[in-house]
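**Q**
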Amino acid sequence: MSAAQDQSTSVRASERNAEAPTDMHAPEELDTPAGADVPAHAGPTTSARGPVQLGRIPVLDVGPVVDCGRWPAKAVVGEPVPITATVFREGHDAVAATAVLVGPDGADRAWAPMELLAPGTDRYSAVLAPDAPGDWGLRVEGWSDPYGTWEHDATIKVRAGVDSALMLEEGARVLERAAAMPQRPAADVRVLADAVRALRDDSRPHEVRLAAGIAPEVHRVLSRMPLRDAVTASPTYGLRVERERALFSSWYEFFPRSEGAQWDEEAGRWRSGTFRTAARRLPEIAAMGFDVAYLTPVHPIGRVNRKGPNNTLTAGPLDPGSPYAIGAEEGGHDAIHPDLGTMEDFDAFVAEARAHGLEVALDIALQCAPDHPWVKEHPEWFTTRADGSIAYAENPPKKYQDIYPLNFDNDPQGIYDEVLRMIELWISHGVTLFRVDNPHTKPVQFWEWLIGEVNSRHPEVVFLSEAFTKPAMMHTLAKVGFQQSYTYFTWRNSAWELREYLTQLTTESAHYMRPNFWPTTHDILTPAMQYGGPAVFKLRAVLAATMTPSWGIYTGYELVEHVARPGAEEQNDNEKYQYRPRDFAAAEREGRSLAPLLRRLNQIRREHRSLQVLRGTTVHNSDDENFIAYSRRFVPAANQDGEEDLIIVVVNLDPHAARETTVHLDMPSLGMDWQDTFEVRDLLTGATWTWGAHNYVRLDPYTEPAHVLHVRRR
1 MSAAQDQSTS
11 VRASERNAEA
21 PTDMHAPEEL
31 DTPAGADVPA
41 HAGPTTSARG
51 PVQLGRIPVL
61 DVGPVVDCGR
71 WPAKAVVGEP
81 VPITATVFRE
91 GHDAVAATAV
101 LVGPDGADRA
111 WAPMELLAPG
121 TDRYSAVLAP
131 DAPGDWGLRV
141 EGWSDPYGTW
151 EHDATIKVRA
161 GVDSALMLEE
171 GARVLERAAA
181 MPQRPAADVR
191 VLADAVRALR
201 DDSRPHEVRL
211 AAGIAPEVHR
221 VLSRMPLRDA
231 VTASPTYGLR
241 VERERALFSS
251 WYEFFPRSEG
261 AQWDEEAGRW
271 RSGTFRTAAR
281 RLPEIAAMGF
291 DVAYLTPVHP
301 IGRVNRKGPN
311 NTLTAGPLDP
321 GSPYAIGAEE
331 GGHDAIHPDL
341 GTMEDFDAFV
351 AEARAHGLEV
361 ALDIALQCAP
371 DHPWVKEHPE
381 WFTTRADGSI
391 AYAENPPKKY
401 QDIYPLNFDN
411 DPQGIYDEVL
421 RMIELWISHG
431 VTLFRVDNPH
441 TKPVQFWEWL
451 IGEVNSRHPE
461 VVFLSEAFTK
471 PAMMHTLAKV
481 GFQQSYTYFT
491 WRNSAWELRE
501 YLTQLTTESA
511 HYMRPNFWPT
521 THDILTPAMQ
531 YGGPAVFKLR
541 AVLAATMTPS
551 WGIYTGYELV
561 EHVARPGAEE
571 QNDNEKYQYR
581 PRDFAAAERE
591 GRSLAPLLRR
601 LNQIRREHRS
611 LQVLRGTTVH
621 NSDDENFIAY
631 SRRFVPAANQ
641 DGEEDLIIVV
651 VNLDPHAARE
661 TTVHLDMPSL
671 GMDWQDTFEV
681 RDLLTGATWT
691 WGAHNYVRLD
701 PYTEPAHVLH
711 VRRR
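Numbering follows full-length UniProt numbering, in which position 624 of the sequence shown is assigned residue number 624; successive positions increment by one, without gaps.
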């Protein structure tokens with residue numbers, strides 16, 4: 001049993017033995033007399049007067065709670081979780097609160113006293129960290145604080161010479177109650193007994209006796225095991241705790257067919273790369289510090305309506321087609337494209353990835369080419385138009401004639417069962433993460449069911465939602481189970497946009513939505529990335545890697561691939577429709593590669609706990625609107641060992657010019673006073689400075705677009 005469990009048990013035991021005030025009467029809707037000990041699970045109660053009644057001490061607005069408890073809040077193992085609540089009582093007696101984490105086995109696993117966030121708010125907070133995966137719970141217990149009430153009143157009265165002897169005797173009785181609590185350590189009992197004797201020692205002046213009753217050592221004893229009356233618990237709310245990879249990850253996306261692809265002069269055609277040739281890329285991906293190797297779909301590609309280069313409607317006989325047009329006579333979502341190899345080759349790829357510390361993520365696109373086996377075997381799974389044809393995918397004015405979307409309304413059970421079977425197949429071959437293509441075009445109900453089923457059997461599996469859509473859908477997909485989510489970061493470029501979005505993601509939605517930042521994808525190349533040159537690729541990598549715990553890049557990012565297809569926000573000669581082998585080694589030898597920067601960023605992320613959690617982010621001000629400054633702070637939870645870690649990031653968002661500004665830090669958010677100074681070391685360059693509340697910064701986007709500063713307190 002942990003120390004936290006011992007303390008929590010001791011507190012509850014003490015409540016059962018606490019003396020109830022004699023001048024209070026039980027309201028008729030409560031079974032337990034008010035002022036007596038309420039079991040730790042007691043909370044709102046049903047009565048004839050209405051469906052829910054408040055407990056003796058109101059405990060309201062508990063957080064983190066998702067949609068009134070409809071879905072569990074999220075955390076990962078070791079993540080500090082801020083628990084908040086509004087707690088108050090009638091009159092002037094002191095009130096306090098305790099935060100409790102309930103383990104998957106239903107037992108209380110950790111507790112911490114809560115602190116008042118600001119005077120007059122009645123808003124309390126504490127931070128606790130779960131230490132194992134599973135479905136946990138959290139609750140808040142409000143309670144009347146007899147010692148706090150006595151200390152407040154006695155301090156005023158004794159110093160004013162009013163009822164001094166009476167107040168000192170009452171304090172002695174309160175401390176006697178506290179000393180008599182079961183499981184109170186003997187050393188702590190002695191401290192309280194000494195204080196009782198001092199309070200009753202009429203040979204001393206009243207103020208000296210009072211000082212003994214409110215001494216720091218008495219406070220320390222009671223903070224470890226407080227005396228609590230009228231304990232009232234909130235409901236227990238769900239907290240789903242997953243493995244660390246659900247929150248902290250670095251993704252590297254690539255098309256396996258391009259890795260090792262070669263032009264065959266004799267045959268006059270491209271030869272596809274295979275899983276064997278793609279595996280040769282894994283050591284460098286791992287060396288850059290990425291921990292997830294993400295593969296675009298690896299299944300057979302349809303031949304009917306196959307797209308040609310750059311999404312043209314006419315494909316030549318040797319064009320490979322889009323891997324998102326899934327399915328052909330060789331098989332569907334449960335098959336391997338013959339050009340890539342066999343399932344045995346895929347298994348060897350996964351094994352090689354694991355040997356380099358990489359997990360394999362697979363793209364899941366629930367859509368079919370016209371010649372997918374499902375189209376023939378289950379025509380009811382698709383939408384038939386008035387002319388008898390099957391509807392292909394459209395996002396006007398875009399048309400995807402090579403893709404048939406699924407219709408979940410005709411045979412939902414059949415589709416549900418088949419998709420689950422397919423996911424289970426890939427899990428059995430070592431896939432632990434799934435990037436889901438366009439989940440917002442499928443029923444949310446389906447995803448809640450599928451992810452629930454998969455995670456009940458394989459809690460280690462992580463789902464990433466690729467839903468660039470309206471906020472309500474993006475947020476609900478996160479609530480129903482997706483562990484990670486793509487975001488609007490790709491299109492947020494100005495300082496004010498980034499400040500607003502970062503604040504939202506790290507506060508409002510942080511308890512259910514885990515953002516994954518991507519500067520580009522195989523589908524997206526924004527105007528900023530097209531025209532900013534290497535500088536914008538550098539600064540966007542710094543932002544993505546340091547703003548949130550999860551980030552990713554699409555292969556070729558390190559080569560600053562920035563040429564767009566005319567009229568589109570995507571790569572020219574798009575890899576979705578053709579092979580695109582790259583010479584990464586030559587680019588690095590010639591100094592054209594950003595791989596060294598990516599390596600350093602991922603190394604910094606692994607070495608600094610503050611960059612591995614989502615909360616603890618503060619946006620700071622600067623005089624020049626072309627700058628953004630923010631800090632990432634990790635403070636261990638009350639039940640957690642470790643040291644505080646603090647990173648400050650300053651980025652010049654103008655990729656075309658060197659700029660200078662003054663950065664104004666919110667010192668209290670850093671745990672410092674306004675007049676404090678401290679040493680910072682730039683983790684990108686090694687330079688050190690002394691900083692305070694106001695700091696001059698000059699950044700050149702070509703040579704030094706950002707500071708990533710580690711704070712060393714004096």
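Using N, Cα and C, we set each Cβ at its ideal position, and we do this for glycine too.
Tell me where the alpha helix (DSSP H) around Ala160 begins and ends.
**A** First-last of the alpha helix (DSSP H) with Ala160: 146-160.
**Q** For a quick check, are the C-beta atoms of Gly341 and Val241 less than 7 angstroms apart?
**A** No, the Cβ-Cβ distance between Gly341 and Val241 is not below 7 angstroms.
**Q** Kindly confirm or deny that the segment 291-300 and the segment 310-321 touch, where touching means at least three C-beta pairs closer than 8 angstroms.
**A** Cβ pair count under 8 angstroms is below three, so no.
**Q** Under the DSSP definition of a beta bridge, which residues are partnered with Cys368?
**A** For Cys368, which the question treats as bridged, DSSP gives the partners Tyr404.
**Q** Do you know offhand how far Ser428's Cα is from Glu380's?
**A** Their Cα atoms are separated by approximately 29 angstroms.
**Q** In angstroms, rounded to a whole number, what distance separates the CA positions of Val461 and Ile403?
**A** Between Val461 and Ile403, the C-alpha separation is close to 27 angstroms.
**Q** Given 8 angstroms as the limit, is there contact between the segment 608-617 and the segment 498-507, that is, 3 or more CB pairs closer than that?
**A** Segments in contact, yes.
**Q** Is the beta carbon of Ile451 less than 7 angstroms from the beta carbon of Gly481?
**A** A contact, by the Cβ cut-off of 7 angstroms.
**Q** Could you check if Lys538 is buried or exposed, using at least 16 other CB atoms within 10 Å of its CB as the buried criterion?
**A** With 16 or more Cβ atoms within 10 Å of its Cβ, Lys538 is classed as buried.
**Q** How close, in whole Å, do the beta carbons of Phe275 and Ile364 come, if the pair is a contact with beta carbons under 8 angstroms?
**A** Not a contact, Cβ separation roughly 18 angstroms.
**Q** Assuming Asn639 contacts Ala112 under a Cβ cut-off of 8 angstroms, what Cβ separation, rounded to an integer in Å, is found between them?
**A** Asn639 to Ala112, Cβ: 7 angstroms. Contact.
**Q** Compute the Euclidean distance between the alpha carbons of Arg605 and Ile285, then round it to the nearest angstrom.
**A** Whole-angstrom Cα-Cα distance: 16 angstroms.
**Q** Start and end of the beta strand (DSSP E) containing Gln571?
**A** No beta strand (DSSP E) contains Gln571, which DSSP labels as neither H nor E.
**Q** What number of angstroms, rounded off, separates the C-alpha of Gln262 from the C-alpha of Asp339?
**A** Answer to the nearest angstrom: the Cα atoms are 13 angstroms apart.
**Q** Kindly indicate which three-state DSSP category Pro256 falls into: helix, strand or coil?
**A** Three-state DSSP puts Pro256 in coil, outside helix and strand.
**Q** Measuring alpha carbon to alpha carbon, tell me which of Val649, Val650, Tyr577 ends up nearest Arg303.
**A** Checking every option, the nearest Cα to that of Arg303 belongs to Tyr577.
**Q** Less than 8 angstroms between the CB atoms is what I'm expecting for Ala126 and Glu115, so what's the real figure, rounded?
**A** Ala126 to Glu115, Cβ: 7 angstroms. Contact.
**Q** Candidates Glu266, Ile524, His511: which alpha carbon is nearest Phe489's?
**A** Nearest option by C-alpha distance: Ile524.
**Q** For Thr232, which option in Leu54, Ala657, Tyr512 has the closest C-alpha, if you only look at C-alpha atoms?
**A** Taking only the C-alpha atoms, the option nearest Thr232 is Leu54.
**Q** Measure the CB-CB distance between Thr677 and Thr690 and report whether it falls below 7 angstroms.
**A** Yes, the Cβ-Cβ distance between Thr677 and Thr690 is below 7 angstroms.
**Q** What are the residues that DSSP puts in a beta bridge with Ala126?
**A** Ile83, per the DSSP bridge assignment.
**Q** Looking at C-alpha atoms only, which residue of Ala472, Lys376, Glu704, Thr476 is the closest neighbour of Ala541?
**A** Measuring from the Cα of Ala541, the nearest candidate turns out to be Glu704.
**Q** Between which residues of its own chain and Arg681 is the CB-CB distance below 8 angstroms, once the five residues before and five after are set aside?
**A** Excluding sequence neighbours, Arg681 sits near Ala687, Thr688, Leu709, His710, Arg712.
**Q** Measuring straight from C-alpha to C-alpha, what distance separates Pro412 and Cys68?
**A** Taking the straight line from one Cα to the other gives about 29 angstroms.
**Q** Compare the C-alpha of Pro235 against each of Leu665, Asp291, Val100 and name the closest.
**A** Nearest option by C-alpha distance: Val100.
**Q** Taking the alpha carbon of Phe255 as the point to measure from, which residue in Glu453, Met672, Ala212, Thr555 has its own alpha carbon closest?
**A** Checking every option, the nearest Cα to that of Phe255 belongs to Thr555.
**Q** DSSP has Gln578 in a bridge; who is on the other side?
**A** In the DSSP output, where bridge partners are listed per residue, Gln578 has none listed.
**Q** With DSSP as the reference, label Lys376 as helix, strand or coil.
**A** Looking at Lys376 - three-state DSSP - the assignment turns out to be helix.
**Q** Excluding the five sequence neighbours on either side, which residues of its own chain have a C-beta within less than 7 angstroms of the C-beta of Pro39, listed in chain order?
**A** With a pLDDT of 40 at Pro39, under the threshold of 50, the predicted position of this residue should be treated as unreliable, though the coordinate-derived value follows. Hits under 7 angstroms: none found.
**Q** In this structure, what does DSSP give as the bridge partners for Glu704?
**A** DSSP output for Glu704 lists Asp700 as bridge partner(s).
**Q** Take Asp61 as the anchor and find which of Ala355, Pro396, Val140, Asn602 has the nearest alpha-carbon.
**A** Considering only alpha carbons, the answer is Val140.
**Q** Just to confirm, are His707 and His664 a CB contact at a threshold of 7 angstroms?
**A** No.
**Q** According to DSSP, simplified to helix, strand and coil, what is Gly552?
**A** Looking at Gly552 - three-state DSSP - the assignment turns out to be strand.
**Q** On the criterion of 16 or more Cβ atoms from any shown chain inside 10 Å, does Ala110 qualify as buried, or is it exposed?
**A** Ala110 should be labelled buried.
**Q** Count the other C-beta atoms from every protein chain shown that fall within 10 angstroms of the C-beta of Glu359, then say buried if there are 16 or more, exposed otherwise.
**A** Under this definition Glu359 is a buried residue.
**Q** Along the beta strand (DSSP E) that carries Val651, what are the first and last residues, could you check?
**A** Residues 645-652.
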